[in-house]
Structure formats: structure tokens, C-alpha cells
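Visitor:
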Amino acid sequence: MSLHGGAQAHIEAARDAIRRLLHDPIRHSVGCLVMALMLALPGVAWVALRGFDVLLPVEATTPGLSVFVRQDVAEADLTALADNLLARDNILTVEVVGRDKGLEALSQLAGLGDLVGAFDENPLPDVIRVALKTTPGSEFMRGLSVSLEGDPRVEFVRVDQGLSNEMRNALVLGQRLVLVLALMVLAAIVLVVTGATRIEVTRARAELSLVDLVGGTERYARRPFIYMGVLQGAAGGCLAALFVWIGSLLVGAPLSRLLTLYGESGAIVGANALDLALPVLAGTVLGGVGARIAARVPSVAWT
Amino acid sequence: MIQFDNVTKRYGTRLALDEVSFSLDPAEMAFLVGHSGAGKSTLLRHLVCLEAPTEGRVMVGNFDLRKLSADQLPMFRRKVGVVFQDPQLLSDRTVFENVALPLRAAGFDRAVIPARVKAALEQVELSHLEQALPGELSSGQRQRVGIARAVVHKPALLLADEPTGNLDPELSKKIMKLFTQFRNHGVTVLIATHEQALVEAQPFRVLRLDQGRLVESGR
Chain D
19 MSLHGGAQAH
29 IEAARDAIRR
39 LLHDPIRHSV
49 GCLVMALMLA
59 LPGVAWVALR
69 GFDVLLPVEA
79 TTPGLSVFVR
89 QDVAEADLTA
99 LADNLLARDN
109 ILTVEVVGRD
119 KGLEALSQLA
129 GLGDLVGAFD
139 ENPLPDVIRV
149 ALKTTPGSEF
159 MRGLSVSLEG
169 DPRVEFVRVD
179 QGLSNEMRNA
189 LVLGQRLVLV
199 LALMVLAAIV
209 LVVTGATRIE
219 VTRARAELSL
229 VDLVGGTERY
239 ARRPFIYMGV
249 LQGAAGGCLA
259 ALFVWIGSLL
269 VGAPLSRLLT
279 LYGESGAIVG
289 ANALDLALPV
299 LAGTVLGGVG
309 ARIAARVPSV
319 AWT
Chain F
258 MIQFDNVTKR
268 YGTRLALDEV
278 SFSLDPAEMA
288 FLVGHSGAGK
298 STLLRHLVCL
308 EAPTEGRVMV
318 GNFDLRKLSA
328 DQLPMFRRKV
338 GVVFQDPQLL
348 SDRTVFENVA
358 LPLRAAGFDR
368 AVIPARVKAA
378 LEQVELSHLE
388 QALPGELSSG
398 QRQRVGIARA
408 VVHKPALLLA
418 DEPTGNLDPE
428 LSKKIMKLFT
438 QFRNHGVTVL
448 IATHEQALVE
458 AQPFRVLRLD
468 QGRLVESGR
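Chains as they are written, first to last, in the numbering used here: chain D, 19 to 321; chain F, 258 to 476.
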């Protein structure tokens, strides 16, 4: 078959597929809608989880220590302590948060400005924030904590790994669950398209028998059904992208407000181009795969 | 054009064709007669590879039907036209689309399809109904559409299985006249029928089957 002939065959198959889809628009629309909802579910969940990922700033998820220094320690001693810490192994960063800076940060937190203003003098200590290269709860972390607590310049040491670490683990678990959900949904879509295509092939049994009898190849007979699956999948995918976009808008607004509370104002929470393209791509490919599995031509009937 | 060499077909223990041998020349027309269950349809099914002989050999033109590959089968079937008792028209397609089906399936260029369809419909005198749906046609008209579909791709062999079974005698004569015209244009025609009167009115060869055996092959 020539290139022109091949293109013509595909155009005709696509037209035939559209004709078949329009022959029963309600049934096929419902099929697209089901596919769209199935595809959108993991999509929206993924976008929401990514929002929570943004919520956890890197420094909050890195294991570390907050070293609260005694009020009467001179600035030179404070700097010496920080330098001493930085010189040790397994230390990622050391940041000195002066008491004035701490008070300023505290006053900016919602609702605490008036409370801070009520103090005659700054009650906060200087703090050295130490980020570690080791894993949370490591021997090194515990040893360093004990060693610092024995230092006369130190009031107390807080280990920064609890909540953020749990949230990180929960987030990873959530992402895995979404992945499993997505895989199950993808398999279900293939099954849905396979079933729908099989019904369509059975309905067209008389026509397919004729096509076979007059010398149509199996490829010719199957092609419109594969196009049907592809078109349905693409339509379902486009609808799913719309649902993901709407879902991300609904989830994005409260997430953005939450981020603002954590000082992450301006962070973008929502669906990006890839989030919208993936359902379309997945729907199209899965539609084609499902239809290809189902579009076997029945044997010729002679009556 | 057609050659059956000692063709036997068994379905389990039932014998459908029993050592059938005959040949048809190119542009020859013949009737295949016999009672219901005599093996007429089974024989025709062998000629389009819907059945394979249990024993023996079937040749159509240069094709040995036992040796056709999956790729060759569609090419072979494009040289054969089939007319059924029930014309099996697609009810949601117009007459034009029904007749165009073999051309589309065979990958004919879109530009030549309308002319070929119109020519086929002119042969069966149904040009004025090309946009009608099958449900709007009489049974005689539907049968003629089925014939137009069977000849639109200009087959070398035309098979008809009880083509006049649902028609009155007048219409049956018209249909027979059409088959004779195709034969006059070089098409080999084999018509299975149980209508004795129809066969007797025609000067063509008769192949008579009885319980799968060919008991008569002549005029």
C-alpha cells in the first residue's frame, strides 16, 4: 500500500471510529467520564501531596539540633561555640540565630505581635541551629546532644527530628499509595476499554464477517476499533486533565494559606503542564492498548 | 476456474461432502442443486476458504486453497463475490455505502469508488436508490443491492447461495437474468438453489448433490 493509500486508510478508520462513537453518544460519553474520573483521582492526589511536600521546607526535614545558649554568654563565646561545632565531622550547616532576630521572627507570627510587645526586655536566648549530615536518631546525633548539654554555655539542646520526620515518612507513604492507586486505575482503564471495545466488536459482528468475506484484512477490520479506543481514551484523558486542574484549584487555595502560615508565601501549589498532560497521554495510550487487546475479528458467519 | 478433486468433508462422524469432483471453466455458469442438507452451502464455503476439506483438493484459478497463507487469503477473496439468500446489508448504511464496502476493504482509491459503485448499481437498476437505507427497500431491491455489492469489485468468480429463496417468480427471473449478464461478461457463476423450476428454465449445467455425493453433473 502506498503512503497516500496508507494515510487514506487511517483517515477512513478514524472517520469510521467517530461515526461509531456518535452512533451511541450517551454510552460512549459515560465511558469517557468514568475513564476521566479514574484518571483524575490519582492526579489530584498527587498534586495535593506535592503541595504538602512544598510545605516541608528542606531545613525542617534535615535532622538537626537547636542549641539554646545561656543568656549570660558573651557574643564572642557564642561565636566560638558555633565555630567549634562547624569544625566537627557530620555537620552540614551551623546558623546562629541571635535573640533579636528570634524575637523579630516571633513577633511576625500571626497573633503573637501584641504578646511580644508586652515584654520589657527580650526574653529569648541566642540559638545555634545545627544541621547534621547523619540520619535522624543516629548515635552521632545523640552523642552530640549529650556532649552539648554538658557544656556550661548551653542552657538546653532540642533534637529537631520528630514531627518533620514523621511528616516526611507519611508523605512518602502517601506518594507510594498514590502510585499503587495509579497502577490499579491504569489496569482498570485497560479493562474498561477492553470490555467496551469487545461489546462494540460483537455488535459489529455481521459487518466484520462481511469485511472478512470480501477480502478486508484483519488490520483493516480492527483499525476503526483501535481508533475508537484511542479517541475515547484521549477524550477521557482531556476530561481528567480538566478535573485535575479544577481539583488542584480547590486543594491549592487552602494549601497556599497553610504555606503562608509556615512562612512560605508565594509558593505555587497547583497543577503544572506535566500534571495536565499525563492524564491525556495515559488515557490515549491505555485506550489504544485496551482496544488493541479486544479488537479481534470474529469468524465469518454464512447465513 | 474451479476444480474439486475428490473433496471429502467430515464434521465428526457426519459426512457433509463425499469425494466430490468436478470442474468449472472460466465464464461458465452452473447450478448446484439438492435438498436442504445435501451439502450445497458446505461446498460453497470451501470456495471462499470458510471450510477446509478433510481430504482432497480445491483449486480456484491458480490458487490451491489448502496452501493459502493468512496474507494471501484476503487477496484471494477479493477475486470472489458472494450473494446470500439474506443479502446481509448493513442496516445503518446507505445503499451506496453497502455496495462500496468491498472496495473500501480492498483499499481502493477513494476517487474511483463512486464511479465503481454507480456502475454496479446501474447494472442492477438501482441507481436512483443509492442514498436509501436498506430498511426502505423491498426484498427484491435488497437482493439486488447484495448482488451489486458482490460484483462491484469485478470478481472472477461469483457464488450465490439460494439468491432467489425469498423472492417471487418474477423477481427470481430478473435476478437470473442478472447472473447471466455477469457470465456473459466473463464471470464464472455458481448458484446453489433448491428451486427446480428455476434451474429447468436455464440452459446451464447442473451439479446435483445428494447427501454430500455429486450424483449428476451435466445438462
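Note that CB positions come from ideal geometry on N, CA and C, so glycine has one too.
Any contact of the stretch 305-322 of chain F with the stretch 330-340 of chain F, i.e. 3+ C-beta pairs under 8 Å?
Guide: yes
Visitor: Should Lys324 of chain F go down as buried or exposed, given a rule of 16 or more other Cβ atoms within 10 Å for buried?
Guide: Sequence index remark: in the second sequence, residue 324 of chain F carries index 67 (1-based). With fewer than 16 Cβ atoms within 10 Å of its Cβ, Lys324 of chain F is classed as exposed.
Visitor: Just to confirm the assignment, what range does the alpha helix (DSSP H) spanning Gly301 of chain D have?
Guide: Numbered from its first residue, the first sequence carries residue 301 of chain D at position 283. Per DSSP, Gly301 of chain D belongs to the alpha helix (DSSP H) from 291-312.
Visitor: Please report how far the alpha carbon of Gly301 of chain D lies from the alpha carbon of Val145 of chain D, in whole angstroms.
Guide: Indexing the first sequence from 1 puts residue 301 of chain D at position 283. Indexing the first sequence from 1 puts residue 145 of chain D at position 127. Whole-angstrom Cα-Cα distance: 53 Å.
Visitor: Quick check on Thr270 of chain F: does DSSP put it in helix, strand or coil?
Guide: By 1-based counting over the second sequence, the position of residue 270 of chain F is 13. Thr270 of chain F falls in the coil class under three-state DSSP.
Visitor: Compare the C-beta of Val456 of chain F with all C-beta atoms of chain D and state if any pair is closer than 8 Å.
Guide: Taking the second sequence and counting its residues from 1, one reaches residue 456 of chain F at position 199. So, not an interface residue.
Visitor: As a quick exercise: from F:Glu379, F:Glu419, F:Phe261, pick the residue whose alpha carbon is nearest that of Arg406 of chain F.
Guide: As a working note, residue 406 of chain F is residue 149 in the second sequence. Comparing Cα positions, the closest option is F:Glu379.
Visitor: In whole angstroms, what is the alpha-carbon distance linking Pro141 of chain D and Ala289 of chain D?
Guide: On the first sequence, residue 141 of chain D is found 123 positions in, with the first residue counted as 1. On the first sequence, residue 289 of chain D is found 271 positions in, with the first residue counted as 1. Taken atom to atom, the span from the alpha-carbon of Pro141 of chain D to that of Ala289 of chain D is near 44 Å.
Visitor: Please specify which runs of the alpha helix (DSSP H), each continuous and at least 4 residues long, are wholly inside the stretch 72-126 of chain D, giving them in chain order.
Guide: 76-79, 93-104, 117-126
Visitor: Expressed to the nearest angstrom, what Euclidean distance is found between the alpha-carbon atoms of Tyr268 of chain F and Cys50 of chain D?
Guide: As a position in the second sequence, residue 268 of chain F is number 11, starting the count at 1. As a position in the first sequence, residue 50 of chain D is number 32, starting the count at 1. Approximately 45 Å between the Cα atoms of the pair.
Visitor: With DSSP collapsed to three states, give me the class of Gly39 of chain D.
Guide: Here the question's residue 39 of chain D lines up with position 21 in the first sequence. Position check: residue 39 of chain D holds Leu in this sequence, whereas Gly was assumed. Of the three classes helix, strand and coil, the one that applies to Leu39 of chain D here is helix, per DSSP.
Visitor: When you compare the CB of Thr321 of chain D with every CB in chain F, is at least one pair closer than 8 Å?
Guide: Stepping through the first sequence from its first residue, residue 321 of chain D is reached at position 303. Residue placement at Thr321 of chain D cannot be trusted, given a pLDDT of 49 that sits under 50; what the coordinates show is reported in the next sentence. Yes, Thr321 of chain D counts as interfacial toward chain F.
Visitor: When the Cα atoms are used, what is the spatial distance from Arg241 of chain D to Ile311 of chain D?
Guide: Within the first sequence, residue 241 of chain D is the residue found at index 223, counting from 1. Within the first sequence, residue 311 of chain D is the residue found at index 293, counting from 1. For Arg241 of chain D and Ile311 of chain D, the gap between their C-alpha atoms comes out near 12 Å.
Visitor: Within 8 Å of any Cβ in chain F, is that where the Cβ of Ala27 of chain D sits?
Guide: On the first sequence, position 9 is the one that residue 27 of chain D refers to. Yes, Ala27 of chain D lies at the interface with chain F (some Cβ there is under 8 Å from its Cβ).
Visitor: Any beta-carbon of chain A closer than 8 Å to the one on Leu231 of chain D?
Guide: The structure shown contains no chain A; its protein chains are D and F.
Visitor: Mind checking who Gln260 of chain F pairs with in its DSSP beta bridge?
Guide: Counted from its first residue, the second sequence places residue 260 of chain F at position 3. According to the DSSP secondary-structure assignment, Gln260 of chain F is paired through a beta bridge with F:Ser280, F:Met316.
Visitor: Checking contacts by CB at 8 Å: is Ala224 of chain D closer than that to chain F?
Guide: Within the first sequence, residue 224 of chain D is the residue found at index 206, counting from 1. So, interface residue.
Visitor: Is the Cβ of Tyr245 of chain D closer than 8 Å to any Cβ of chain F?
Guide: Sequence index remark: in the first sequence, residue 245 of chain D carries index 227 (1-based). Answer no: the Cβ-Cβ gap between Tyr245 of chain D and chain F never drops below 8 Å.
Visitor: Could you spell out the range, first to last residue, of the beta strand (DSSP E) harbouring Arg462 of chain F?
Guide: Sequence index remark: in the second sequence, residue 462 of chain F carries index 205 (1-based). Segment 462-467, the beta strand (DSSP E) holding Arg462 of chain F.
Visitor: Excluding the 5 residues flanking Phe200 of chain D on each side, which residues of the same chain have their C-beta closer than 6 Å to its C-beta?
Guide: To locate residue 200 of chain D, count along the first sequence from 1; it is residue 182. As written in the sequence, residue 200 of chain D is Ala, which differs from the Phe given in the question. So the list reads Pro60, once near-sequence residues are dropped.
Visitor: Could you tell me if the beta carbon of Ser125 of chain D falls within a distance shorter than 7 Å of some heavy atom in the ligand FAD?
Guide: Here there are no bound small molecules, and the ligand FAD is not part of this structure.
Visitor: Assuming Ile432 of chain F and Thr445 of chain F form a contact by the criterion Cβ under 8 Å, report the distance between their Cβ atoms to the nearest whole angstrom.
Guide: By one-based count along the second sequence, residue 432 of chain F stands at place 175. By one-based count along the second sequence, residue 445 of chain F stands at place 188. Wrong, their Cβ atoms sit about 17 Å apart, outside the cutoff.
Visitor: Would DSSP call Glu354 of chain F helix, strand or coil?
Guide: Translated into positions along the second sequence, residue 354 of chain F becomes position 97. Three-state result, Glu354 of chain F: helix.
Visitor: Rounding to the nearest angstrom, what Cα-Cα distance links Arg462 of chain F and Ser280 of chain F in this structure?
Guide: One-based indexing of the second sequence puts residue 462 of chain F at position 205. One-based indexing of the second sequence puts residue 280 of chain F at position 23. Straight through space, the alpha carbons of Ser280 of chain F and Arg462 of chain F are spaced by roughly 11 Å.
Visitor: Using alpha carbons as the reference points, say which of F:Gln438, F:Ile259, F:Pro310, F:Gln459 lies closest to Pro283 of chain F.
Guide: Within the second sequence, residue 283 of chain F is the residue found at index 26, counting from 1. Answer by Cα proximity: F:Ile259.
Visitor: From the beta carbon of Leu471 of chain F, is the nearest beta carbon of chain D less than 8 Å away?
Guide: The residue you call residue 471 of chain F lines up with position 214 of the second sequence. For Leu471 of chain F, the closest Cβ of chain D is not nearer than 8 Å.
Visitor: Which class does Ala458 of chain F belong to by DSSP, given the choice of helix, strand or coil?
Guide: Counted from its first residue, the second sequence places residue 458 of chain F at position 201. Coil at Ala458 of chain F, not helix or strand.
Visitor: Is Asp169 of chain D helix, strand or coil by DSSP?
Guide: What you label residue 169 of chain D is simply residue 151 of the first sequence in a count that begins at 1. Looking at Asp169 of chain D - three-state DSSP - the assignment turns out to be coil, as it is neither helix nor strand.
Visitor: Assuming Phe243 of chain D contacts Glu218 of chain D under a Cβ cut-off of 8 Å, what Cβ separation, rounded to an integer in Å, is found between them?
Guide: Taking the first residue of the first sequence as position 1, residue 243 of chain D is located at position 225. Taking the first residue of the first sequence as position 1, residue 218 of chain D is located at position 200. The pair is a contact, with the Cβ atoms about 6 Å apart (cut-off 8 Å).
Visitor: Could you tell me which whole beta strand (DSSP E) segments of length 3 or greater appear in the stretch 383-432 of chain F?
Guide: Given a length threshold of 3 residues, each whole run of the beta strand (DSSP E) inside the stretch 383-432 of chain F is given here in chain order: 414-418.
Visitor: Does Glu218 of chain D come within less than 8 Å of chain F when only Cβ atoms are used?
Guide: Indexing the first sequence from 1 puts residue 218 of chain D at position 200. It does not: the Cβ of Glu218 of chain D has no partner Cβ on chain F nearer than 8 Å.
Visitor: Taking 8 Å as the cut-off, decide whether the C-beta atoms of His451 of chain F and Gly296 of chain F are in contact.
Guide: Indexing the second sequence from 1 puts residue 451 of chain F at position 194. Indexing the second sequence from 1 puts residue 296 of chain F at position 39. Gly296 of chain F is positioned such that its CB atom lies no closer than 8 Å to that of His451 of chain F.
Visitor: Report the neighbours of Leu322 of chain D on chain F: residues whose CB is nearer than 8 Å to its CB, in chain order.
Guide: Residue 322 of chain D lies beyond the stretch modelled for chain D, which goes from 19 to 321, so this question has no answer here.
Visitor: Beta-carbon separation of Leu301 of chain F and Leu416 of chain F under 8 Å?
Guide: Working through the second sequence from its first residue, we reach residue 301 of chain F at position 44. Working through the second sequence from its first residue, we reach residue 416 of chain F at position 159. With a cutoff of 8 Å on beta-carbon distance, Leu301 of chain F and Leu416 of chain F are scored as near each other.
Visitor: When the Cα atoms are used, what is the spatial distance from Ala121 of chain D to Asn108 of chain D?
Guide: Here the question's residue 121 of chain D lines up with position 103 in the first sequence. Here the question's residue 108 of chain D lines up with position 90 in the first sequence. The amino acid at residue 121 of chain D is misidentified as Ala; the sequence shows Leu. In a straight line, the C-alpha of Leu121 of chain D is about 30 Å away from that of Asn108 of chain D.
Visitor: Taking Gly305 of chain D as the reference, give the member of D:Ala206, D:Arg68, D:Ala27, D:Val269 with the closest Cα.
Guide: Stepping through the first sequence from its first residue, residue 305 of chain D is reached at position 287. Ranking the options by Cα distance to Gly305 of chain D, first place goes to D:Ala206.
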